[in-house]
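> One structure, pasted below without further comment.
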Amino acid sequence: MWKEINEITQSKTPTLIEFYTSNCSLCTMLGRILEEVQSELGEEIQVKRINIDEEKVTTIHFDSTYQIMGVPTMMLFKEGKLLWRHSGVLFKEDLVKEINPFLS
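Here our numbering is used: the first residue of the sequence shown is 1421, the next is one more, and so on.
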């Protein structure tokens, strides 16, 4: 999984990753919002969801590097650079407004 995360973050297409847990109701709500964002923005962005409970062993290095302290946490990457980060839920319109400057 670490290799996959590394490849995802290196993409030339902006990639929004949500780190979540399966018992988090806010994470479930954000997952639905992210599906809408992906549908609206299409190929301008990749959206990935990573369950940190299931991937705990392989994401420890990532957790320590990016300090994921709570869920949901979203991070937007492009070509290996962390461009934007947010912990908590945003409504779709607010999320699109936040990440839109990084899309091109």
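The beta-carbon is built from N, C-alpha and C at its ideal position, and this holds for glycine as well. Nothing here was measured: the structure is a model prediction, and the numbers come from that model.
(1) Give the secondary structure of residue 1433 by DSSP, where H, G and I count as helix, E and B as strand, and everything else as coil.
(2) Where residue 1521 and residue 1464 are concerned, what is the direct C-alpha to C-alpha distance, given to the nearest angstrom?
(3) Can you tell me where the alpha helix (DSSP H) with residue 1470 in it begins and where it stops?
(4) My output table needs one value for residue 1522: the three-state DSSP class, helix, strand or coil.
(5) In angstroms with no decimal places, state the Cα-to-Cα distance between residue 1425 and residue 1439.
With the structure as the only source:
(1) coil
(2) 12 Å
(3) No alpha helix (DSSP H) contains residue 1470, which is instead part of the beta strand (DSSP E) from 1466-1471.
(4) helix
(5) 11 Å
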